[in-house]
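The opening residue of the sequence shown carries number 5 in our numbering; numbering runs sequentially from there.
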Amino acid sequence: MITAGDFRNGLTFDMDGQVMQVIEFQHVKPGKGAAFVRTKLKNVISGAVTETTFNPTAKFQEAYVERKDMEYLYEDGDLYYFMDPETYEQMPISGSIMNDSFKFVKENMICKVLSYKGNVFGVEAPNFVELKVEKTDPGFKGNTATNTLKPATLETGAEVKVPLFIEEGEMIKIDTRTGEYLSRA
């Protein structure tokens with residue numbers, strides 16, 4: 005059991021059957037009245053963010069979110085198949101829980117599968133991936149005076165903005181959290 009006075013950023017706990025993660029917290033001790041804890045909480049499963057205040061002595065059950073490395077195998081309709089590299093067991097995961105960063109994941113990449121009490125609620129792509137540029141317009145000499153960007157289609161089908169000097173067939177590094185070009189690979 006943890007109390008609201010023990011809250012720290014990133015802590016997960018069970019509140020009324022919902023798994024909540026502390027995004028921000030602030031211990032407030034006004035001149036008059038009792039102290040309280042002001043928090044910004046994220047529902048881990050639905051993604052909803054709420055602001056709530058607690059009595060510092062309020063008790064909650066700590067929730068352990070399992071983050072397991074699994075290899076992405078293939079897509080079949082709305083199901084994405086992942087394999088546990090230790091047991092070789094395959095797990096289908098619904099496409100409805102995939103976030104935007106998953107468009108940068110290609111087959112055989114290792115992702116983190118998030119679950120609580122055996123129920124999968126999310127998949128985290130690697131923070132940085134190296135992908136091949138499949139299609140982009142050619143850059144022109146002399147167009148390098150400013151940081152001009154052009155659209156490029158990657159091998160996974162995702163579109164990103166890249167500098168003019170990037171050509172088709174090149175490997176580039178992408179930050180999956182922001183979807184931005186970082187550098188040549």
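Glycine is no exception: its CB is placed at the ideal position from the N, C-alpha and C atoms.
How would you call residue i, buried or exposed, if buried means at least 16 neighbouring beta carbons within 10 angstroms?
i    : result
L186 : exposed
S105 : buried
Y78  : exposed
A38  : exposed
A8   : buried
Y68  : exposed
I97  : buried
L45  : buried
Give me whichever residues DSSP pairs with residue i in a beta bridge.
i    : result
Y185 : I178
L158 : V137
K110 : DSSP lists no partner for K110.
D18  : V23 and Q65
L153 : P167
R42  : Q30 and T57
F132 : D179
M95  : F86
N47  : M24
N123 : Y120
I6   : F64
Would you please state the rounded distance, in angstroms, between the beta carbons of residue i and residue j? I believe it to be under 8 Å.
i    : j    : result
N112 : E75  : 6 Å
Y120 : V23  : 5 Å
K136 : G183 : Not really, about 17 Å apart at Cβ, beyond 8 Å.
A189 : I176 : 6 Å
V41  : T16  : Between T16 and V41 the Cβ distance is about 16 Å, and since that is not below 8 Å, they are no contact.
M5   : Q65  : 6 Å
L153 : V133 : Going by Cβ atoms, the distance from L153 to V133 rounds to 19 Å, so no, they are not a contact pair.
Could you tell me the boundaries of the beta strand (DSSP E) in which residue i lies?
i    : result
I114 : I114 to Y120
R4   : Nothing about residue 4 can be read from this structure; the chain reaches only from 5 to 189.
M87  : L83 to M87
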